[in-house]
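Here's the structure we're looking at; comments come further down.
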Amino acid sequence: MCGRFVITQPSDAMAQLFDAQPDNDLPDVPNYNVCPTNQIHVVSKSEGGARRLTQMRWGFLPAWYKTTNAGPLLINARSETIAHKPAFREAVRARRALVAVTGFYEWTKTPEGQRNPWYITRADGAAIVMAAVWQDWTSPEGDVLRSCALVTTGANAPMSKIHHRMPVILQQRDWPLWLGEAGHGAAVLMRAAPDDALRMHRVKRDVNSNRASGAALIHELIDDDDVAAQAMVGR
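In terms of my numbering, the numbers along the sequence shown are unbroken and rise by one, the last being 254.
Given below as structure tokens:
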């Protein structure tokens, strides 16, 4: 599962990372609380085969939706069923993409039902590059909106202490295969990251609001109770 994330990389740095041509109109960065339906940076292949850095709506819109809220909000696509689900099966064959983030949030619940947010990053400090699928959606009025979903898989051992799902995280060597530049066989990439790939820490509950903003959202929260929580997750 991935329901909120952070992007701090400048657009030109992302374009350079992926050797992609950036569009002129890209979302503002940094953004420490990227939410579903926001416009996000996405790397995909153009019709000519070159990589492009574009903006897309985070929330995949199946062709049969008459409005953007005509059905469930599809921010994630499960790797186990993506090839068979009518909403995603064409996109995973022909329209795969990459989304680079600085980190993402996940939540645990207390016995009292409070939602405690965690911030997850790569252990080596590099960008997390997540697998995605996309497509163009056309409204009844003829307006075209490009939308995407992140691909998720079963969590690795450390992540499973927080949530049973995690985004599919791709290494740089795997980007060409996922984008369709290196032939077929991208399905093998839809697996959990190694157990030592990520690190995580508790953050304040401010991020529970989708209106919250600012770098303070990712600052580590440490008090007596949180030290105990960190120890439990680290076991």
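Just so it is clear, CB atoms sit at the ideal spot from N, CA and C, and this is done for glycine as well.
Residue pairing by DSSP places residue 168 opposite 152 in a beta bridge. Residue 24 is positioned such that its CB atom lies closer than 8 Å to that of residue 120. With a threshold of 16 other beta carbon atoms within 10 Å, residue 78 meets it and is buried. Counting along the chain, no alpha helix (DSSP H) covers residue 58; the unbroken beta strand (DSSP E) around it starts and ends at 58-64. The residues 150, 187, 189, 193, 196 and 197, in chain order, have a CB closer than 8 Å to that of residue 208 in the same chain once the five nearest residues on each side in sequence are set aside. When the alpha-carbon of residue 168 is set against those of 66, 83, 29 and 110, the nearest one is in 110.
Judged by DSSP secondary structure, residue 222 falls outside any beta strand (DSSP E); it is assigned neither H nor E. Measuring C-alpha to C-alpha distances from residue 217 to each of 179, 228, 236 and 159 identifies 179 as the nearest. Closest in alpha carbon position to residue 159, among 37, 214, 184 and 89, is 89. Under the three-state reduction of DSSP output, residue 237 falls in the helix class.
In this structure the segment 26-40 touches the segment 49-66; the number of beta carbon pairs closer than 8 Å is three or more. Counting only residues of its own chain and dropping the five nearest sequence neighbours on each side, residue 205 has a CB closer than 6 Å to the CB of 196 and 197.
Contact between residue 183 and residue 173 holds: CB atoms are separated by about 7 Å, below the 8 Å threshold.
Under the three-state reduction of DSSP output, residue 187 falls in the coil class, being neither helix nor strand.
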